[in-house]
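Here our numbering is used: the first residue of the sequence shown is 359, the next is one more, and so on. The C-beta atom is built at its ideal place from N, Cα and C for all residues, glycine as well.
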Amino acid sequence: MRSPAVRRRETDGAARPGEPAGAGPWWLRRWPRAAAAVAAGALPALAFPAPGLWWFAWVALVPWLLLIRTAVSGRRAALDGWLGGAGFMLAAHHWLMPSLHVFILVLAALLGTLWAPWGWLVRSVFTGAASPARALGALVVVPAGWLMVELVRSWQGLGGPWGLLGASQWEVTPALRLASVGGVWLVSLLVVAANTAVALVLAVERARAVGAVALLAGAVAVGAVAFWVRPPQPDGRFRVAVVQPGVVEGAGSPVRRFAREEQLTRELAGRHPDLVVWGESSVGADLATRPDLSARLAALSGEVGAPVLVNVDARSASTRGGARSASTERGARSASAEGSTRPRPGIYKSSVLVGPDGPTGDRYDKMRLVPFGEYVPARSLLGWATSVGKAAGEDRMRGTRPVVMTLPGARGTRIGPLVCFETAFPDMSRQLAARGARVLVAQSSTSTFQHSWAPAQHASLGALRAAETGRPMVHATLTGISAAYGPDGARVGRWLGTDRSAAAVYDLPMASGTTLYTRLGDWPVYGSVAALAVWAGAGAARRLVARRRGPRRTSFRTGRPARSARPAR
């Protein structure tokens, strides 16, 4: 019979006064267990660039799952989930430390709470009768619960979908084929399912056969999808040039950066690109108020023989009233047609297309801004963050809708621009492809995080967005890493690293047709919601039927028969 002291330790995982400090196994002691949860949650970050251990993602969650499995209560499991989630967010986003300083710890702790329900869910499905049906349920419910966490934290107000587990597989061809079917969500589901199956094999004796069969079936399914889903059909070529000026700092940096971008663009003459792309914040003044800059860009377009897509990061005057040039009038008419007029002045980040005759009128205003970097959520409450780190002193203005631009000239290729971390959102590139974009173009900077994992993580997202939509994608930055991908997500050419100040031309294969993901959307998310609803309903029904019964059951946590409750006397 267990003593009251042992029962108390199993309830809260801590020794009581008068008990030996090291009483009980370490996983029942409060602080060692908390540290283990944080460390276990941080492990999946190693699967992303820059470490790039993509294969590790398929087993990285196993230590975390096994730890949660030993929780003696649902509350303890939720705590393990929270601490592990905080560890993951901190490890995956540690490069934000120079900008947010100690505030990154607060953000990690807040976002880590999203994994608390997942921890409770893991324990609930790993506890009870170790039947094949329950093991199969764990293989469905645990990945579905993880996907709900990824879905909630993908909300732009919580920082967006940076570090989705499926994104770690950006270099794996079978995973890219899966992304074309169900987006990065489907890849995440399968990665978590594989981790769950491994945990069953290692820890639950009566479920080892189910786990092993699940791993084999998963491998066969991935192979079948990779074989069945053919690469996009070739449909011509598109030559895009990327201009990466490199790090330009100090007084007058916008002027010196523009001059360097001009120099690199002129070097493209004779190389016959169809489009020249500059990075995010490549122009530091509103072209409507700086006709001299517009004229210089138009001259560059004429010299190179291709339109130039720049990114303006500047305060813009209202589009209402005032004298405007012909090019500005064209821009206002085009913006009105796309529904992205600027009703009030402010600082915008805008992709602007410039041809030999000046701005064509095509402009896209960035819609999804970086929390704290470009605006401060609830500034009245969190404005103090500007004094702690490098949070935005003034909120940027938002665009209203995506824009597909038509390049001037005989080809008239349609491009879909994205700015900065908008490439992390699967729905944005999917919308552009559905609207007719033939090429996806991302303009980014990441110069603040030059010597960190951020540039490589950001550049890798282009592979997922290309594979999901079946559209080639170019990722142009100010300071690296710049990259290009074909419509199947395969890398085209070499990356321009963070040590380069250069221009590069990528010969992108075009593709016709649309992917299943473009047509069907986020169906893995809806399927996960349905699976969780069925599981919850089945559990409620089972409790109603067995309310007055006390059958002997086998626990996933112990693998031994659980005691039935003694009848009250």
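- Look at the segment 823-910 and you find these whole runs of beta strand (DSSP E), each 3 residues long or longer: 831-835, 841-843, 860-870.
- Between G443 and G399, the C-beta spacing is below 8 Å.
- According to the DSSP assignment, A584 belongs to no beta strand (DSSP E) but to the alpha helix (DSSP H) extending over 566-586.
- When the five nearest sequence neighbours on each side are left out, the beta carbons in the same chain lying within less than 7 Å of the beta carbon of A889 are those of V498, V499, A502, in order along the chain.
- In the three-state reduction of the DSSP assignment, V539 falls in the helix class.
- In this chain, the beta strand (DSSP E) harbouring G716 covers 716-723.
- Taking C-beta atoms as the reference points, Q801 and A841 fail to come closer than 8 Å.
- Judged by their CB atoms, M786 and D720 are not nearer to each other than the 8 Å cut-off.
- Between the C-alpha atoms of V510 and L472 there is a straight-line separation of about 8 Å.
- In the three-state reduction of the DSSP assignment, S802 falls in the strand class, which pools E and B.
- In this structure, DSSP gives G663 a state outside helix and strand, which the three-state scheme calls coil.
- The segment 594-605 makes contact with the segment 619-632, as at least three CB pairs between them are under 8 Å.
- Cβ-Cβ distances below 7 Å link A795 to V762, R772, I773, G774, R829 in the same chain, with the five nearest sequence neighbours on each side left out; the list follows chain order.
- Excluding the 5 residues flanking it on each side, S512 has same chain C-beta neighbours closer than 6 Å at P519, in chain order.
- For G757 and Q789, the gap between their C-alpha atoms comes out near 15 Å.
- In chain order, C778, F779 place their CB closer than 7 Å to the CB of V728, counting only its own chain and leaving out the 5 sequence neighbours on each side.
- Straight-line spacing of the CA atoms in A533 and V583 works out to 9 Å.
- P603 places its beta carbon less than 8 Å from that of S859.
- Partner residues in a beta bridge of S526, as assigned by DSSP, do not exist.
- Contact holds between the segment 576-591 and the segment 536-549, because three or more Cβ pairs, one in each stretch, are under 8 Å apart.
- Minimum Cα-Cα distance from W412 among the listed residues G524, A467, A395, L516 corresponds to G524.
- Nearest neighbour of G439 by Cα position, chosen from A565, I426, A792, G517, turns out to be I426.
- Taking 8 Å as the cut-off, the Cβ atoms of L522 and S546 count as close.
- A551 and R624 have their C-alpha atoms roughly 51 Å apart.
- Contact between P407 and W811 is confirmed by a C-beta separation of about 6 Å, below the 8 Å threshold.
- Judged by their CB atoms, A824 and G844 are nearer to each other than the 8 Å cut-off.
- Take F616, set aside five residues on each side of it, and the residues of its chain with a beta-carbon closer than 7 Å to its own are V641, in chain order.
- Every beta strand (DSSP E) stretch that sits fully inside the segment 611-658 and reaches 3 residues is listed by chain position as 633-636.
- Residue state for V761 is assigned as coil, using DSSP reduced to three classes.
- With distances taken between CA atoms, V797 lies nearest to G820 out of Q815, G820, H809, F807.
- Taking the Cα of E529 as reference, the smallest distance to any Cα among M868, R434, G847, P867 is reached at G847.
- Beta-bridge analysis with DSSP links R673 to I705.
- Taking C-beta atoms as the reference points, A435 and G477 count as a pair closer than 8 Å.
- With respect to the 8 Å criterion, L424 and L560 are classified as neighbours on the basis of their beta carbons.
- DSSP, read as helix, strand or coil, puts Q602 in strand.
- R614 sits away from D644, with the two beta carbons spaced by 8 Å or more.
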